[in-house]
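> Numbering (the UniProt record's numbering), first residue to last: 1 to 120.
Positions of the beta carbon are idealized from the N, C-alpha and C atoms, including for glycine.
Sharing a structure below in structure tokens format, with a few things to ask.
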Amino acid sequence: MNRFCLDCQEPLIGRSDKKFCNDACRSNFNNKLKTQDQNYVRRINAILKRNRRIIMDLNPNGMKKVLKEDLSNMGFDFKHYTHILNTAKGSRYFFCYEFGYLFIKQDEVLLVKNESLLNQ
């Protein structure tokens, strides 16, 4: 049974549980895995930060109605948010950190700022 290094694909010689031919291959292999994972997280964080900045720029006073189309045109991504707040009245607010939005009509969105999140 031939075994090969997980990084460079060279044949392995030695212990039966050996996965890498040397420390450089082990390090290189693990760095590749870590980089792929970090790129995904970095991309999602960039989307969340952009969404937060858009809401913050449009809503300096804490509450404002805007058109959904205006948010989309500015690059807002409605699929990404940090959390959801369901109210007792059945409203569902989507948040990007402390800034949130509520769909109030087909084409209107209410922008809000949750001050209580800042005091935690």
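In this structure, what does DSSP give as the bridge partners for VAL112?
Locating residue 112 in the sequence shown gives position 112, where the first residue counts as 1. Answer is MET63, GLY100, bridged to VAL112.
> Looking only at its chain, what residues have a beta carbon closer than 7 angstroms to the beta carbon of CYS21, apart from the 5 residues adjacent to it on each side?
Residue numbering aside, residue 21 sits at position 21 when the sequence shown is read from its first letter. For CYS21, where only same-chain residues beyond five positions count, the Cβ hits under 7 angstroms are CYS5, CYS8, GLU10, LEU12.
> Taking buried to mean at least 16 other C-beta atoms within 10 Å of its own C-beta, is TYR40 buried or exposed?
The residue you call residue 40 lines up with position 40 of the sequence shown. Looking at its Cβ environment, which holds fewer than 16 other Cβ atoms inside 10 Å, TYR40 is exposed.
> Measure the CB-CB distance between ILE104 and PHE76 and report whether it falls below 8 angstroms.
Mapped onto the sequence shown, residue 104 falls at position 104. Mapped onto the sequence shown, residue 76 falls at position 76. Taking 8 angstroms as the Cβ cut-off, ILE104 and PHE76 do not qualify as a contacting pair.
> How about LYS79 and LEU111: do their beta carbons lie closer than 8 angstroms?
Position 79 of the sequence shown holds residue 79. Position 111 of the sequence shown holds residue 111. Contact flag unset, no.
> Please confirm if the stretch 85-104 is in contact with the stretch 46-61, defined as three or more CB-CB distances below 8 angstroms between the two stretches.
A contact exists between the stretch 85-104 and the stretch 46-61.
> Is the beta carbon of ASP107 sitting closer than 8 angstroms to the one on LEU67?
On the sequence shown, residue 107 is found 107 positions in, with the first residue counted as 1. On the sequence shown, residue 67 is found 67 positions in, with the first residue counted as 1. In contact: ASP107 and LEU67 (Cβ atoms closer than 8 angstroms).
> Please work out which residues of its chain come closer than 8 angstroms, Cβ to Cβ, to LEU102, disregarding the five sequence neighbours upstream and downstream, and give them in chain order.
As a working note, residue 102 is residue 102 in the sequence shown. Around LEU102: SER91, ARG92, TYR93, PHE94, VAL109, LEU110, VAL112.
> Hey, which unbroken runs of the alpha helix (DSSP H) at 4 residues or more fall wholly within the stretch 35-95?
List check, alpha helix (DSSP H) in window: 68-73.
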